[in-house]
Structures are given as structure tokens and as C-alpha cells.
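Engineer: Protein chains in written order, with UniProt numbering: chain Y, 1 to 189; chain L, 1 to 189. All C-beta atoms, glycine included, are put in the ideal place defined by N, C-alpha and C. Every value quoted in this text rests on a predicted model; they were computed, and no experiment measured them. To start, I am sharing the structure in question, which I have written as C-alpha cells.
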DNA sequence: GCGCTATGAGTCAAGGTGTCTCATAGAATG
DNA sequence: CATTCTATGAGACACCTTGACTCATAGCGC
């Protein structure tokens, strides 16, 4: 990416990104404008223009600085891996900035191609990791699935995502354990 | 509500609401401004101000004109009712305007109290209807649930919502049947 | 036909946006 | 340390949008 070593450049860049992320978190994506970001970052308005001529690209990069809860690479036993990863995902979705990025992504993806590409990438990674983990578990005789592996992401992540973004509550361990138990017949406890 | 019988008033009101809904669907909530709505509706800009002094209230009312997929009042047998209602909900979530309203609601609820109230109302209605239906089913001996009834909405609606808003695909009958089967032990087929 | 009123076109000030210039401070180089 | 380069901040500028107002007009109920 940009390898400009000038510390002034990097300082401004980081200050602007932080300010944009704060504004997104506090006031939503519409608050990420050149003027508001510049004031929050303590830099000149022209500086923001030089770094990001368009506000939507700044918003996109600011959103990218928030670590989204993707799943770690699968390990065995798969059931323990699932418990661990879904619990982590649920905890991450309780963080205000993660929830802000997730809902903003889902919403703006409907009208912005760049955001839609990020949404698709996010969905694909989650689905692929789950599919690969469950395929492995099946091959190892750990589980017999009750649904197509392509539905696993919706089945497992959907409830946690809904609980967080629509019901605004925490996805407890009971719900997570029920989900894992319901995805198939486990031979391991 | 407003019972002004003057047809001019009602005509303008409907034209403005339709235009706002179209703009929301085509360009997203940020496109619902007085100027754009007025042009789309074919009315004067001042007329939009007279009807809705603030754009966010216009957006809220325009969103309210899109019928959101709540569940019908529960009937028995509960399993058939669930299949029917969840299938309808999945179909509704495939409509572009329903998806636009749902994701806009989830997103703006984080920064707008009025929208958050609507989100909470929506979540409560779904959870209550499902809870009441499943309580009835349990009392009738139709099913033994494998999770607290308060988790039913996340468990059943979450995957459909995730499939639609994140994966941008249809929730097929296989997924829906699997969900219903997994929520407990059914004594009825 | 006659009041009444919502409308549309227009004006206007205020504020935000995008673009440019220029002096300056900070960084790299010798 | 001196010199050169460059990112910056402040400001100026035209442009557009927003919010608020006026007023003649057309459509409505009576």
C-alpha cells in the first residue's frame, strides 16, 4: 500500500483514521465528513482532502480498521473449536464498534458496490471456514450433519448476529451450545 | 392521525411518501432529502417542508409504509403455523424494499432513538408471538423445546435474517424445516 | 360563484463542500 | 549545521444545499 515514510504523513493518516472511526461509532456513517473528521483529528480540512478525496473511501478504510470477528482456522476436536469461536464471535458482536461496522456494512452494501464486495467477502470467509471445519469433522466421524454444509453459517452465526443487531442482547452460552448441538448428531460430547 | 380531508393535502402526502420510499429503495436513506423527494414527487420543495419539517421523520414514515414481515397470530397445529410463517418471512425478506427497511432499521437504530424504538418494537413482537405460539404448543404436548422460549426468535428468525441480509441469498425450505425440527422434539410430524 | 387553503415558484441568508494558493514547520540529505 | 524538499494549516473562493420566508394561483368545499 502506501509506503510513504514521512512521519508527518503517517501521523496525519492515523489521526484522520482514528477520528473517522470515532465519528462512525458515535454518530454513524453520515457523520464521517471532511469537515467533522478534520476538526476531530485536529488537522486542517485540506489535509483530509489530500489523503482521501472522497469521504466514502475514508469511511471504508476507517471501517477496515475495526477487527471484524472472522473465525480462526479450524482445529480439532471440531466441537470445542466451534464453541470457542462462536463464543468469541458473540463477545465481539457485543462491542459497540463491531456492531456499528457490521450493521453499517449490511446496510450500505445495498447501495454501494465497494461495500457490497466487503459484505460478500465477509460472508464467504465465514461460510468457507465453517464448511471446511464441518467437512473435516464429518470425515473424522465426529458429527453427522442435519443440514447442507452451505447452510451452516446461517444456522450457527445467524442467531448470534440477530440477537446482537436486532434484539440488542447477548448471545449466552446456552444458545450457543444449543446451536452446536442442533447442527447434527455428535459422537463426541 | 391526520384526518385532513382536503384531497390536495392527501395527494401531496402520498406522492411525497411514495417518492421517499422509492429513494430509500434506490439510493439508500441518505438520499431522502427535501430537495430530492420534492423533485421525485413532482411537488414543490416548500410542500415537503410543510408536511415533514424534518427529513428523518419523513424517512421514518416512509419506512413505515413498507409492510414488515411480522408473524400472524399463532394457530394450531403449531408446526404447520411455524412452517407457513417462517416461509412467508423468508419470502418477504427477499423483497428489495423489505431488506432495505430492515437493514436501515438495524443500522440507524444505533444512533437514532426513534429508530431504536421501532427496532425494539419489531424484535419484541416477533419474540412475543413465537414465545406464545411455542408455549401453546408445549401445553398441547406438540413439542418439547431444547432451548429457553426467549431464544426461539433468534434461533428461528436469525438464520433467515442472516441469509437474506448478509449472504444475500434465499432461505430455502430445507433450512426452514431444519430449523423447526431443531428447536425441540416434536410429537407431531 | 365565493371564500378558504394548500400549493408552487421564487427569493434570501446561512452553512457546508470542493478547490486552490501560499507561507511555514518539520523531515531527509549532505 | 545548512540546504532542500514536502506535508501541512490557514485562508480565500465559488458553488451548492438547506431552512425559512413571501405571494400569486389553482383547487377545494360550501
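Is the separation between the beta-carbon of residue 164 (chain Y) and that of residue 171 (chain Y) shorter than 8 Å?
Structural biologist: yes
Engineer: Out of Y:141, Y:96 and Y:157, state which residue places its alpha-carbon closest to the alpha-carbon of residue 124 (chain Y).
Structural biologist: Y:157
Engineer: If you run the structure through DSSP and keep just helix, strand and coil, what is residue 158 (chain L)?
Structural biologist: Correct three-state label for residue 158 (chain L): helix.
Engineer: Consult DSSP for residue 185 (chain L) and reduce its assignment to one of helix, strand or coil.
Structural biologist: strand
Engineer: What residue range does the beta strand (DSSP E) around residue 37 (chain L) cover?
Structural biologist: Careful: residue 37 (chain L) lies outside any beta strand (DSSP E), inside the alpha helix (DSSP H) at 34 to 41.
Engineer: Taking C-alpha atoms, which residue in Y:76, Y:90 and Y:23 lies nearest to residue 62 (chain Y)?
Structural biologist: Y:23
Engineer: Report the start-end ranges of each alpha helix (DSSP H) in the segment 95 to 169 of chain L that is 4 residues or longer and not cut off at the edges.
Structural biologist: 96 to 108, 113 to 139 and 152 to 165
Engineer: With a cut-off of 8 Å, does the C-beta of residue 119 (chain L) fall near any C-beta of chain Y?
Structural biologist: For residue 119 (chain L), the nearest CB of chain Y lies under 8 Å from its own CB, placing it at the interface with that chain.
Engineer: Looking at chain Y, is there any beta carbon in it that lies within less than 8 Å of the beta carbon of residue 148 (chain L)?
Structural biologist: It does; some Cβ of chain Y falls within 8 Å.
Engineer: Based on Cα-Cα distance, which residue from Y:96, Y:108 and Y:169 lies nearest to residue 25 (chain Y)?
Structural biologist: Y:96
Engineer: Taking just the CA atoms, how far does residue 39 (chain Y) sit from residue 1 (chain Y)?
Structural biologist: For residue 1 (chain Y), the predicted model reports a pLDDT of 43, less than 50, meaning its position is unreliable and no value from the coordinates is stated.
Engineer: So, is residue 10 (chain L) buried or exposed, given that buried needs 16 or more other C-beta atoms within 10 angstroms?
Structural biologist: exposed
Engineer: Okay, do the segment 82 to 98 of chain L and the segment 140 to 154 of chain L touch, 3+ Cβ pairs below 8 Å being the bar?
Structural biologist: no
Engineer: Flag this pair as yes or no: are the beta carbons of residue 35 (chain L) and residue 19 (chain L) separated by less than 8 Å?
Structural biologist: The answer is no: Cβ separation not under 8 Å.
Engineer: What residues from chain Y crowd round residue 85 (chain L), counting only those whose CB sits closer than 7 Å?
Structural biologist: Those do not exist, as residue 85 (chain L) stays about 16 Å from chain Y at its closest Cβ, beyond 7 Å.
Engineer: Take residue 53 (chain Y) and list the residues in its own chain whose beta-carbon comes closer than 8 Å to its own, dropping the five residues that flank it on each side.
Structural biologist: none
Engineer: Under the three-state reduction of DSSP, which class applies to residue 1 (chain L): helix, strand or coil?
Structural biologist: Note that residue 1 (chain L) scores a pLDDT of 43, beneath 50, so its modelled location is shaky; the value from the coordinates is reported in the next line. Of the three classes helix, strand and coil, the one that applies to residue 1 (chain L) here is coil, per DSSP.
Engineer: One question on the structure: do residue 109 (chain L) and residue 119 (chain L) come within less than 8 Å of each other, judged by their Cβ atoms?
Structural biologist: Yes, Cβ-Cβ distance for residue 109 (chain L) and residue 119 (chain L) is below 8 Å.
Engineer: Does the CB of residue 166 (chain L) have a neighbour CB from chain Y at under 8 Å?
Structural biologist: yes
Engineer: Taking C-beta pairs closer than 7 Å, name the residues in chain L that residue 30 (chain Y) reaches, listed in chain order.
Structural biologist: 30
Engineer: Using 8 Å as the limit for Cβ to Cβ distance, is residue 103 (chain Y) near chain L?
Structural biologist: Yes, contact with chain L.
Engineer: Checking 8 Å against the spacing of the C-beta atoms, do residue 71 (chain L) and residue 134 (chain L) come in under that value?
Structural biologist: no
Engineer: For residue 71 (chain L), does the three-state DSSP call read helix, strand or coil?
Structural biologist: coil
Engineer: To the nearest angstrom, report how far apart residue 116 (chain L) and residue 105 (chain L) are at their CA atoms.
Structural biologist: Looking at the two C-alpha atoms, the distance is approximately 8 Å.
Engineer: Mind listing the chain L neighbours of residue 99 (chain Y)? Cutoff is C-beta to C-beta under 9 Å, in chain order.
Structural biologist: 110
Engineer: Quick check on residue 123 (chain L) - is its C-beta less than 8 Å from some C-beta in chain Y?
Structural biologist: Residue 123 (chain L) counts as touching chain Y.
Engineer: Residues of chain L with CB under 8 Å from residue 178 (chain Y), in chain order?
Structural biologist: 146, 147, 151 and 155
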